[in-house]
């Protein structure tokens with residue numbers, strides 16, 4: 001029976017959590033929901049009997065950060081010389097798995113998500129394993145509890161076996177009315193970006209639907225070199241790969257895609273609103289972290305890693321301060337932090 005090979009994708013920059021998350025220390029290396037970093041929590045949830053040492057895919061610019069965050073862990077590090085989205089990153093890990101262990105099962109996970117119910121997560125993996133061994137590309141759909149517009153959705157079709165259902169369609173982030181319709185209809189699940197599949201089957205589907213990605217990554221892997229810190233694919237070959245997500249490149253197009261519905265306390269911690277939802281709150285509904293004095297404030301998030309932050313009479317507001325910058329935004333518009341980052345990048349500011 002094949003081992004499960006965890007594959008942890010650690011290339012993101014977490015711009016919607018700026019200024020906590022920056023290019024010099026992205027979200028996955030922060031301790032946001034516990035004393036451990038997000039990536040260390042991800043490694044821990046996929047350890048134990050039946051699980052191999054993880055493959056971590058990151059950018060060459062994050063090698064030192066990653067080695068520091070996982071100093072006590074054993075893992076294989078694959079370092080991309082350029083960012084090319086999730087389809088090539090997973091192809092790189094799949095190529096490595098095929099070269100070393102044949103048809104091993106890949107458990108692909110983002111490095112910066114929260115899963116509060118580990119038992120439910122493991123049960124879902126166990127439910128998806130027979131399907132993956134049989135050649136299905138399995139994803140995991142989070143059972144929605146609200147009409148969320150910040151996530152993509154997976155529409156489930158007919159049952160296959162056990163908890164598995166055919167994944168009928170993938171849907172982009174909906175408007176509020178569509179999200180409400182999904183919730184009322186049932187059978188629509190949040191897309192968590194977690195996958196379980198045989199490495200050889202993923203490469204087979206990729207070669208069929210996105211042959212340019214398959215060829216570029218295969219050539220880059222074959223011509224790559226093992227350095228002191230990581231295996232680095234050959235840069236010019238890797239850069240020939242188109243930049244595509246696994247959803248677009250493979251999952252939306254394969255005929256053998258399955259979804260396992262699961263309720264496991266999942267959050268992508270993709271905004272300060274999401275962070276507010278999962279952290280302990282005081283009697284007024286405030287999340288308070290760091291050197292903060294908040295008087296007569298309610299339902300806010302006040303976080304400081306630098307100066308004293310004081311606030312009075314504020315409601316539903318996010319105030320985040322670091323030694324380099326301060327961000328203030330209504331909780332309902334916390335996704336707009338990404339727009340601030342785009343403006344700062346365009347202006348050539350150094351605080352990113």
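Numbering (full-length UniProt numbering), first residue to last: 1 to 352. Glycine residues also receive a C-beta, built at the ideal position from the N, C-alpha and C atoms.
In whole angstroms, give me the CA-to-CA distance for residue 344 and residue 151.
25 Å
From the DSSP output, in three-state form, read off residue 116 for me.
coil
Please classify residue 201 as buried or exposed, where buried requires at least 16 other C-beta atoms within 10 Å of its C-beta.
buried
Contacting residues, own chain, Cβ-Cβ under 8 Å from residue 44 (five flanking each side not counted):
36
Secondary structure of residue 39, DSSP reduced to three states
helix
C-alpha gap between residue 346 and residue 122, whole angstroms:
43 Å
Counting pairs of Cβ atoms below 8 Å between the stretch 17-30 and the stretch 263-281, do you hit three or more?
yes
Exposure of residue 24, with buried meaning 16 or more beta-carbon neighbours within 10 Å:
exposed
Apply the 10 Å Cβ neighbour rule to residue 310 and answer buried if 16 or more other Cβ atoms are within range, or exposed otherwise.
exposed
Would residue 8 count as contacting chain D if we go by Cβ distances under 9 Å?
Of the protein chains in the structure, only one exists, and it is not chain D.
CB-CB length for residue 10 against residue 66, believed under 8 Å:
6 Å
With three or more C-beta pairs closer than 8 Å as the rule, is the stretch 133-152 touching the stretch 256-264?
yes
Here's the rule I'm using: 16 or more other beta-carbon atoms within 10 Å means buried, otherwise exposed. How should residue 58 be labelled?
buried
Are at least three pairs of beta-carbons, each pair with one atom in the stretch 110-124 and one in the stretch 238-254, less than 8 Å apart?
no
With a threshold of 8 Å on Cβ separation, who are the neighbours of residue 154 within its own chain once the five nearest residues in sequence on each side are excluded?
139, 141, 167, 169, 170, 171, 188, 189, 190, 191, 259
Our contact map puts residue 79 next to residue 217 with C-beta atoms below 8 Å; I'd like the distance itself, whole angstroms only.
Not confirmed; about 14 Å, so no contact.
Does DSSP classify residue 5 as helix, strand or coil?
strand
Straight-line gap, residue 40 to residue 30 (C-alpha atoms, nearest Å):
10 Å
Out of 256, 214, 227, point me to the one whose CA is closest to residue 243's CA.
214
Flag residue 271 as yes when its Cβ comes closer than 8 Å to any non-hydrogen atom of the ligand SAH, and as no otherwise.
In terms of ligand content, the structure shown is empty, and the ligand SAH therefore cannot be addressed.
Let me make sure I understand the geometry here. Which of 55, 125, 328 has the alpha-carbon closest to that of residue 95?
55
Taking only three categories from DSSP, how would you classify residue 61?
helix
Alpha carbons only, please: which of 300, 334, 203, 84 is nearest the one belonging to residue 98?
203
Measure the Cβ-Cβ separation of residue 198 and residue 105 and say whether it is below 9 Å.
yes
Sort out for me which residues DSSP pairs residue 315 with in a bridge.
298
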